[in-house]
Amino acid sequence: GSGLNADVGVFQTFQHYFKQINLSNMSSDWQTADTVLSRRTTAKDRKSNTALNKAARSGNLVTEKKYGAGGNTQKQIQKNTANLDRETEELKHETVSKDFSTHLREARAKSGLTQKDLAQKINEKPQIVGEYESGKALPNNQIQMKMEKALGVHLRGKDAGKPLQPRGKKK
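Heads up, the sequence shown is in our numbering, so the first residue is 2 and it goes up one at a time.
Take a look at the structure:
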């Protein structure tokens with residue numbers, strides 16, 4: 002009998018003790034203890050997949066898609082690389098035609114421009130003009146049109162080598 006009374010007394014003492022503790026304070030104490038024990042986060046940790054996933058779960062993650070970031074990029078090439086991978090016979094990219102590079106070289110010489118001058122005029126790098134003249138460049142309609150306009154000469158198609166006609170004055 003007396004053992005049971007002792008157990009009840011111990012229980013009452015604990016019950017009294019727990020009533021004095023404020024449980025809402027306790028949870029914040031646990032959180033601070035957690036942050037004190039955790040190591041300092043580095044930039045690498047903040048960018049890791051686990052950190053990003055944790056942030057996404059907690060709702061603290063803001064993602065932005067940047068369009069056209071780094072505006073000084075080269076133009077896209079026309080040939081689809083996936084198609085190129087599927088191609089079995091011909092294992093290299095389609096480059097500009099010999100006719101195009103010859104007409105380009107002749108027109109540039111006739112207008113008295115250097116490769117660098119033409120590159121500046123069409124807003125491209127001099128290496129690109131060099132690649133087009135040597136026939137190593139991958140064809141890009143935008144660049145080809147800029148070259149035709151800058152030199153005032155058709156460089157491709159049936160009128161290649163002939164001067165460009167001003168718009169609206171066709172005979």
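Every residue gets a Cβ at the ideal spot worked out from N, C-alpha and C, and that includes glycine.
Can you tell which of Q128, L156, S112 has its C-alpha closest to the C-alpha of L105? Here residue 105 refers to the residue found at position 104 when the sequence shown is read from its first residue. Closest by C-alpha distance to L105, out of Q128, L156, S112, is L156.
Taking the straight line between their C-alpha atoms, what separation do you get for K48 and N61? On the sequence shown, residue 48 is found 47 positions in, with the first residue counted as 1. On the sequence shown, residue 61 is found 60 positions in, with the first residue counted as 1. Whole-angstrom Cα-Cα distance: 13 Å.
Going by the CB atoms, is the gap between A120 and K126 shorter than 8 Å? For this step, residue 126 is matched to residue 125 along the sequence shown. For this step, residue 120 is matched to residue 119 along the sequence shown. For K126 and A120, yes; Cβs fall inside 8 Å.
If you reduce the DSSP assignment to three classes, tell me which class L165 lands in. Within the sequence shown, residue 165 is the residue found at index 164, counting from 1. Coil.
Taking buried to mean at least 16 other C-beta atoms within 10 Å of its own C-beta, is N141 buried or exposed? Position 140 of the sequence shown, counting from 1, holds the residue named residue 141. With 16 or more other Cβ atoms within 10 Å, it is buried.
Given this structure, state the Cα-to-Cα distance separating L114 from V97, to the nearest angstrom. Reading the sequence shown from its first residue, position 113 is the one you call residue 114. Reading the sequence shown from its first residue, position 96 is the one you call residue 97. Each residue's alpha carbon lies about 21 Å from the other.
Can you tell me where the alpha helix (DSSP H) with G131 in it begins and where it stops? On the sequence shown, position 130 is the one that residue 131 refers to. Residues 127–135.
For K137, which residues from the same chain have a beta carbon less than 7 Å from its beta carbon, with the 5 sequence-adjacent residues on both sides left out? Within the sequence shown, residue 137 is the residue found at index 136, counting from 1. Leaving aside the five residues that flank K137 on each side, the residues in its chain whose CB is nearer than 7 Å to its CB run, in chain order, T96.
Spatially closest choice to Q166 from G158, V154, K159, by CA coordinates: For this step, residue 166 is matched to residue 165 along the sequence shown. Selected option, being the one with the closest Cα: V154.
For the alpha helix (DSSP H) that contains K122, what are its first and last residues? Taking the sequence shown and counting its residues from 1, the one referred to as residue 122 is at position 121. Looking at the DSSP string, the run of the alpha helix (DSSP H) that includes K122 is 116–123.
In the DSSP assignment, what are the bridge partners of V154? On the sequence shown, position 153 is the one that residue 154 refers to. Within the DSSP secondary-structure output, V154 pairs in a beta bridge with P164.
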